[in-house]
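Student: Here you go, one structure.
2 protein chains.
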Amino acid sequence: MTKWVYTFGDGKAEGKSAMKNLLGGKGANLAEMAGLGLPVPPGFTITTEVCTYYYDHGQTYPSDLKDAVNTALAGVEKIIGMKFGDAKSPLLVSVRSGARASMPGMMDTILNLGLNDVTVEGLAASSGDARFAYDSYRRFIQMYSNVVLDVGHHNFEHILQELKDSRGIKLDTELTADDWKKIVKLFEAKVKDATGKPFPQDVHDQLWGAIGAVFGSWMNQRAITYRRLNDIPANWGTAVNVQSMVFGNMGDDSATGVAFTRDPSTGENAFYGEYLVNAQGEDVVAGIRTPQNISIVGKNKQKSTLPAMEEVMPALYRELNDIRDKLERHYTDMQDMEFTIQKNKLWMLQTRNGKRTAKAALKIAIDLANEGLISKKEAVGRVDPAQLDQLLHPTLDPKFKKTVLARGLPASPGAASGQVVFSADEAEAWVREGKKVMLVRVETSPEDIGGMHVAAGILTTRGGMTSHAAVVARGMGRACVAGCGEITVNYKTKSFSAGSTTVKEGDVITIDGSTGEVMLGEVPMIQPELTDDFARLMEWADTIRTMKVRANAETPLDAGMARKFGCEGIGLCRTEHMFFDPKRIISMREMILAKDEAGRRTALAKLLPFQRDDFAELFTIMAGLPVTIRLLDPPLHEFLPHTDAEIAEVVKASGVDAETVRARGAQLHEYNPMLGHRGVRLGITYPEIYEMQAQAIFEAAVAVTKKGGKPVVPEVMIPLVCTKAEFDLMKAAIDKMAQQVFKATGTTLEYLVGTMIELPRAALQAGVIAETAEFFSFGTNDLTQTTLGMSRDDSAGFLEVYREKGIFEKDPFASLDQTGVGELIEIAVERGKKTRPDVKTGICGEHGGDPASIMFCQKAGLSYVSCSPYRVPIARLAAAQAAIGVEGDRTK
Amino acid sequence: MTKWVYTFGDGKAEGKSAMKNLLGGKGANLAEMAGLGLPVPPGFTITTEVCTYYYDHGQTYPSDLKDAVNTALAGVEKIIGMKFGDAKSPLLVSVRSGARASMPGMMDTILNLGLNDVTVEGLAASSGDARFAYDSYRRFIQMYSNVVLDVGHHNFEHILQELKDSRGIKLDTELTADDWKKIVKLFEAKVKDATGKPFPQDVHDQLWGAIGAVFGSWMNQRAITYRRLNDIPANWGTAVNVQSMVFGNMGDDSATGVAFTRDPSTGENAFYGEYLVNAQGEDVVAGIRTPQNISIVGKNKQKSTLPAMEEVMPALYRELNDIRDKLERHYTDMQDMEFTIQKNKLWMLQTRNGKRTAKAALKIAIDLANEGLISKKEAVGRVDPAQLDQLLHPTLDPKFKKTVLARGLPASPGAASGQVVFSADEAEAWVREGKKVMLVRVETSPEDIGGMHVAAGILTTRGGMTSHAAVVARGMGRACVAGCGEITVNYKTKSFSAGSTTVKEGDVITIDGSTGEVMLGEVPMIQPELTDDFARLMEWADTIRTMKVRANAETPLDAGMARKFGCEGIGLCRTEHMFFDPKRIISMREMILAKDEAGRRTALAKLLPFQRDDFAELFTIMAGLPVTIRLLDPPLHEFLPHTDAEIAEVVKASGVDAETVRARGAQLHEYNPMLGHRGVRLGITYPEIYEMQAQAIFEAAVAVTKKGGKPVVPEVMIPLVCTKAEFDLMKAAIDKMAQQVFKATGTTLEYLVGTMIELPRAALQAGVIAETAEFFSFGTNDLTQTTLGMSRDDSAGFLEVYREKGIFEKDPFASLDQTGVGELIEIAVERGKKTRPDVKTGICGEHGGDPASIMFCQKAGLSYVSCSPYRVPIARLAAAQAAIGVEGDRTK
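Below, the structure is given as structure tokens:
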């Protein structure tokens, strides 16, 4: 028989904190605290399994649940010595939801449950305070009606306000017991009016109504949205906590408060918290009364004139401070606690690991380790890698009141301001004039790289989290808001509109790439600072992790940045980005327009010195670290001119007529370029392109080595291979070129030739391909596109619906689809290693910087992950966490 | 030690016909004939393994080959009693290539090898015929120089012609021994002149030169092209046959000829062949002298006045006829034999299974079975399924001398003539006026379906064998030449040009979809006729095969045709084709342009009756056979209007303004529509579309069943599924709709809900998907595109290079990539059956009509294959062959 209900209280508990999945976070921690002997009001937790049962069985409960609840309730009555529904001395309870992860989207708390027209009198008598009793009752009616009966707060506030107005008073505190009694009647009438039924008087009906509301709230739109945004699976379910009430509003010897064992903003080891005398929890949250600091230090720090709890209730403060120590030592982490003081008796209502800023997370982890409370390994596991982004990019000053113009996708973190321009060329021109620009486009393409590089930020109206703009911006560490459909760009008038606002070229806007917000004008920012704690944690992480971390970079700027962030080589240098420079694109186009191989070779010869210099610079910056260079990948039509002006320029430079240029463009047009004439297919059909690139790589490597730099071991990578034969043909040409260069220069050096695994067929054929390929780099962007048959540029629209409907829990382009794409990676690694046990394996798709995907890479046995420079620290930390198997709360 | 050389002759042989892979077809059959005791000139075969060795080792021979050849040669000398290179009585040999499969692209034969300035005199003396000796020598110089030394025939023909001119004679036969002697000197001088070296006089040098030339010819362009066109892998290699010479030109008691054991055109059981008195084999082929019939019957049939061999050499004829019987009984198949009579002695030079027309293949197979020589099973294995196409489509009259204007891809078999039109609308208009049209387009799209249906044939200038035009044309059984790049279409001037020829709208052209040829004017055709033999063979095939054969069809016409061809249900009804009718497309567009779900439902309600009628008609035609209906698959933008006129029409019908229509088009535009918002993704985002289609299916099924037709079991198929969740959401909606219809109509019927497996992820997840999916249909077109990351519409260009370079042996869109895509199918079948042992599995991609792919489907354990109606007979035969494991010569 399944145990559906777990009790706690009186220094005992059936549950414990390790049972979070079953009892939810709140329930598990209440049990843990009770077990520790802390003063916890007795109660019980209905498990998350009941929630799962409820939704699996047409919203019905297990048949034996009712008995279990009754038994648990009887236990509480016994501890407290009061009876639920008793006319004289009624037991009151609170009902709260509690999922495995904290979920603000869920049901509000219901307090004071158990009050009705009879028991309210009992409460009045037993507490000796009729005003308190009726105030409690009206609060209960209000909460219960709102949450369970769907009668909104405003109905009641309206009544209350009218009464206050009619009496000419302002504060609730001025109302008397009789006033509240009258209000209760009015509230009850309102409920009957709104629902057609009287407010429930049976306390057991009240309880089951509340329990049902908790389970119901698991599937409300807010909760679903929150889960989607926070990657929480729907099948986790929520628990329900039923706990005897304690009252912080029973007079000046009562109080309620929240406290953190350390400062959640800075991480400083100082007791931090707020409390209110003679108040219930909701009063603290409501913000009507100004909460007071608990400690004198805190009070002084905030220059508060209100007395601290340490001053007003010194004994209770010491008791709380002792509990603070006990809990932090017990949980070995900073705690967020809720407490209530009822008539000079301290009660603990909740403890949980406290939310904190990235800065605080770092400091707390380092401090706890230094204090000997946790190991360095544990410290490394305590910081959420994704949070590090906060420390690496500027953020908007939260004190500034911003006006949001539109919202798009948070495509690349950081905030930025600049003058709006609508083309990459203009961006470059304006920046040359010393201006700071914001590049606004419907979408971007590889030819916009230059403009994207100089822009402070990028805003697009189309494309998803892995659109060109998003990927490139993340790679550059440039702030980007993508897919901002609320904005309509008009290139002709050089303006964009958002609602009724029109923004013209030159106007200043601010974007926040971490939230997707777009603001008019300049919003003040806070610049990032890398603390010693950051460096320390990275150092610890590096000693723990087993996977290397490389960067995806091709410009010296990016490569330098990546080294600064601690990368251990380049995992992906995308050579095509090197061809868009104005000096080069002309030769590239000449190559594409050439009539024959000889013509192509002539044009390629002009590109050779550029490529050689590019590679020499990268090799120099990486100083002996491995550099993986991917040979040309995109289809040739991406390099062709589009506008008449560009075509005219090409005509002038190449001597080919405009008609031919246009015809070649039409000829190269593809219906599905992602699946078209690209990658190794270019190498097979135009071997001279890859030959030139190989020549540039080897000549650069030789030159840098000769100059006395550390020996360079280039890794030449062939993209989009799907058969061994393709790879072998290209490898033969590369090997031949290497020998040619070595002979000509009298120098020999080591190099590797390997392949991207980015097509399902390549993954399946990995065993065969590894016969000749020396490394595999999983191109998970393309592998996701082909395995799922889903274009990353076209899927933003329906992926949204997919996530809403729970088909995908995460965007498969942001976090690896471990079931589908993951199986192919596992197959490829297994087959590849069987053929070549020392085959180097890495990942260089967007997933290389995603913590969950990095965990997968560790399990799959990859040698390294490669990600955009700004994600290198995140990857270093995530790799360390992966090595020690920490997955936080995400484990299913 | 590897045995590199196999000898034969004197009633013995080291090889046999089963050793074709090692000895090549010719060598294996020579050995077999020798082993049977037939009169075969002695000789030996150098194996195909030597060829493989040769190319694997930088074009060198195994070290022990020379000895093996010398030993074998000594054996031949011993049998014949003559010595190779002997001055008095020299042994002469022929050297011929011989691959596993017959390969006309390979090296020509070299005859009379062993002659030089000395041995020619010996031959003159021993034969007593100096003219014969010198004629033989000059023939040898000419062949050898051409094949081995690369001195073209024309060099020699020129010399010969000059001499004849100077002597005022016309025929070679008028030349004397001295003339030939003189010519030999001139030939030798020419060789020295052209190559810088004298003609080789060492007979062993001659032999090794010839052997090298055979192996070299394996990699010449003609051979490569032939292999590519005939799907022969390069690693098979060729053997070399060295055989002692016999001469059919030693006087009137000598002759040479070829014979078929049955008529290769009709299949009739009559001895059929031709011979020439006093001639060498090449004279028969050269066509200078008119060959004579071997039999009197044959002579009379062809109304020849030349005497038959049966009359001239009755005893030898009887001997040959006995051999004919013996060989046919031995090989149990029609043989193509070559023979030579040297001074009244019959020698057999070759036997092999004779090539034959499809009609003959059928008749011979049936007759051989009826004669008891082979079983019915064997008879079924004897007909090449691909050849059946000849019997199902009109063919060009071979007697007509056609002029080919351009060549494209043979995209859909059959020949057709018609007046050129350049748009689908015009095609329909002209046909309404009673004209016969040929639709010429750069490419076609789904909206051209109507025009394609009424056209006699379709010609496109872009796209490959699996482009839209090709797939649809094959489906309709319409002749189609696709990707004809030699033609440039100009829509504005309504004309196309091919070279210097311009063809205008209304001009008549003829296309041959079996060869890819395009001809100006009308070329006479031969109409197909389905013989009793055809029906008989199909009947036998049906009793043997274990896989069902279904058809891909959606129109009543196609469905009816498919039934006529013996399909056992519909495996793929593409519902989108049903929406392009002018009456429907307007509602479809209204649906796409609708602002909200209500608007879409209104438009869909207009489409419902059409769909219902479509399905009812299909169900009626299929009379109880299963019908698999795929719900809407293509992206919505395919249905939107493109031209201004079309947009105007939509504006008029829908009340939406043109700007909105264009904006919706822009909004729906996709970079990679193949990987975009289509298939089940439409069902997920617009559930109302699939609901309408499900409603139409169930209402139609109920209506047809109620009318007393055989009970209909519709199979509702959801396309492009990649997760179980997608499938489940759609299945729930379909099941709900089924219940709704059953309730409304008071009728219940069986139905299945299944999915396409056309994405790698779906294949991997098949075990999970099979929990709810009742059938799988492998959509191998899309599965190939995604597994290989290759768009079928964009790959024609580089696939050509891929096949030239040997990366792909076959077009993966025409014949299944068994290694890559195949493994995914195997995985899916295995996992699917593990979950649901009785899951129905089928294939409905283009590969369903390809014999090699059908063989794979059998091995993978599929329940059925589905193909275009015109390929149903091919599939029935191929499935039967697959069931008995006949793979012909294609086995690697």
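Protein sequences, first through last, are from chains A and B. Reading the first sequence from the start, the letters are residues 105 to 996 in this note's numbering. Reading the second sequence from the start, the letters are residues 105 to 996 in this note's numbering. Every residue gets a Cβ at the ideal spot worked out from N, C-alpha and C, and that includes glycine.
Starting from residue 511 of chain B and walking both ways along the alpha helix (DSSP H), at which residues does that stretch end?
Tutor: Looking at the DSSP string, residue 511 of chain B is not in any alpha helix (DSSP H); the run it does join, the beta strand (DSSP E), is 508-511.
Student: I need the DSSP call for residue 454 of chain A, collapsed to helix, strand or coil.
Tutor: strand
Student: Looking at the strands, I want to know which residues DSSP matches up with residue 522 of chain B.
Tutor: B:613
Student: Return the residues of the segment 418-443 of chain A that lie within a Cβ-Cβ distance of less than 8 Å from chain B, sorted by chain order.
Tutor: none
Student: On a CA-only basis, which of B:499, B:180, B:557, B:767 is nearest residue 619 of chain B? Give me that one, please.
Tutor: In this structure, B:499 is the residue among B:499, B:180, B:557, B:767 with its C-alpha nearest to the C-alpha of residue 619 of chain B.
Student: Are any of the Cβ atoms in chain B nearer than 8 Å to that of residue 323 of chain A?
Tutor: By this cut-off, residue 323 of chain A is not an interface position.
Student: Relative to the C-alpha of residue 522 of chain B, which candidate in B:606, B:949, B:544, B:896 has its C-alpha closest?
Tutor: B:544
Student: Does any CB atom of chain A fall closer than 8 Å to the CB of residue 894 of chain B?
Tutor: yes
Student: Roughly how many whole angstroms lie between the Cα atoms of residue 687 of chain B and residue 797 of chain B?
Tutor: 17 Å
Student: Do residue 179 of chain B and residue 223 of chain B come within 8 Å of each other at the CB atom, strictly closer than that value?
Tutor: no
Student: Look at the Cβ atom of residue 825 of chain A, then the Cβ atom of residue 778 of chain A, and state whether they are nearer than 8 Å.
Tutor: no
Student: Between which two residues does the beta strand (DSSP E) holding residue 790 of chain A run?
Tutor: No beta strand (DSSP E) holds residue 790 of chain A; DSSP gives it neither H nor E.
Student: Run through the DSSP bridge pairs and tell me what residue 396 of chain A is partnered with.
Tutor: A:379
Student: List, from N- to C-terminal side, the beta strand (DSSP E) runs of 3 residues or more that fit wholly inside the segment 782-870 of chain A.
Tutor: Restricting attention to beta strand (DSSP E) runs no shorter than 3 residues, the segment 782-870 of chain A encloses them at 818-822, 856-861, ordered along the chain.
Student: Alpha carbons only, please: which of A:810, A:679, A:644, A:256 is nearest the one belonging to residue 658 of chain A?
Tutor: A:679
Student: So, does the CB of residue 838 of chain A fall closer than 8 Å to a CB anywhere in chain B?
Tutor: no
Student: Going straight from the alpha carbon of residue 984 of chain B to that of residue 782 of chain B, what length do you get?
Tutor: 36 Å
Student: What are the partner residues of residue 654 of chain A, as DSSP defines its beta bridges?
Tutor: A:970
Student: Are there three or more Cβ pairs, one per stretch, closer than 8 Å when the segment 583-598 of chain A is compared with the segment 482-495 of chain A?
Tutor: no
Student: Could you name the residues of the segment 890-914 of chain A whose beta carbon sits closer than 8 Å to any beta carbon of chain B, in the order they occur along the chain?
Tutor: Per Cβ criterion, the list reads 890, 891, 892, 893, 894, 895, 897, 898, 899, 901, 902, 905, 906, 909, 910, 911, 912.
Student: How many Å lie between residue 996 of chain B and residue 979 of chain B at the Cα?
Tutor: With a pLDDT of 25 at residue 996 of chain B, under the threshold of 50, the predicted position of this residue should be treated as unreliable, and no value is reported.
Student: Mapping the DSSP letters down to three states, classify residue 539 of chain B as helix, strand or coil.
Tutor: coil
Student: Inspect the beta-carbon positions of residue 445 of chain A and residue 358 of chain A and report whether they are closer than 8 Å.
Tutor: yes
Student: Tell me whether the segment 421-432 of chain A and the segment 272-285 of chain A touch, counting them as touching only if at least three CB pairs, one residue from each stretch, are closer than 8 Å.
Tutor: Fewer than three Cβ pairs drawn from the segment 421-432 of chain A and the segment 272-285 of chain A lie within less than 8 Å of each other, which leaves the two stretches out of contact.
Student: Is it buried or exposed, residue 296 of chain A, if we count other Cβ atoms within 10 angstroms and call 16 or more buried?
Tutor: exposed
Student: Hey, out of B:284, B:633, B:559, B:519, whose CA is closest to residue 538 of chain B's CA?
Tutor: B:559
Student: Measuring only the C-alpha atoms, how far is residue 681 of chain B from residue 551 of chain B?
Tutor: 8 Å
Student: Does the separation of the CB atoms of residue 548 of chain A and residue 576 of chain A fall below 8 Å?
Tutor: yes
Student: Would you check if the distance between the CB atom of residue 625 of chain A and the CB atom of residue 614 of chain A is smaller than 8 Å?
Tutor: Taking 8 Å as the Cβ cut-off, residue 625 of chain A and residue 614 of chain A qualify as a contacting pair.
Student: So who's on the other strand from residue 608 of chain B, going by DSSP bridges?
Tutor: B:599
Student: What number of angstroms, rounded off, separates the C-alpha of residue 105 of chain A from the C-alpha of residue 128 of chain A?
Tutor: The alpha-carbon atoms of residue 105 of chain A and residue 128 of chain A are separated by roughly 21 Å.
Student: Can you give me the start and stop residues for the beta strand (DSSP E) that residue 477 of chain A sits inside?
Tutor: Counting along the chain, residue 477 of chain A falls outside any beta strand (DSSP E), and DSSP gives it neither H nor E.
Student: From the DSSP output, in three-state form, read off residue 584 of chain B for me.
Tutor: strand
Student: Give the residues of chain A in contact with residue 930 of chain B, contact being defined as C-beta atoms less than 7 Å apart.
Tutor: The contacting residues do not exist; residue 930 of chain B stays about 11 Å from chain A at best.
Student: Kindly list, in the order they appear in chain A, the residues whose Cβ is closer than 7 Å to that of residue 184 of chain B.
Tutor: Residues of chain A passing the Cβ test: none, with the nearest at roughly 46 Å.
Student: Hey, residue 188 of chain B and residue 354 of chain B: beta-carbon distance below 8 Å or not?
Tutor: no
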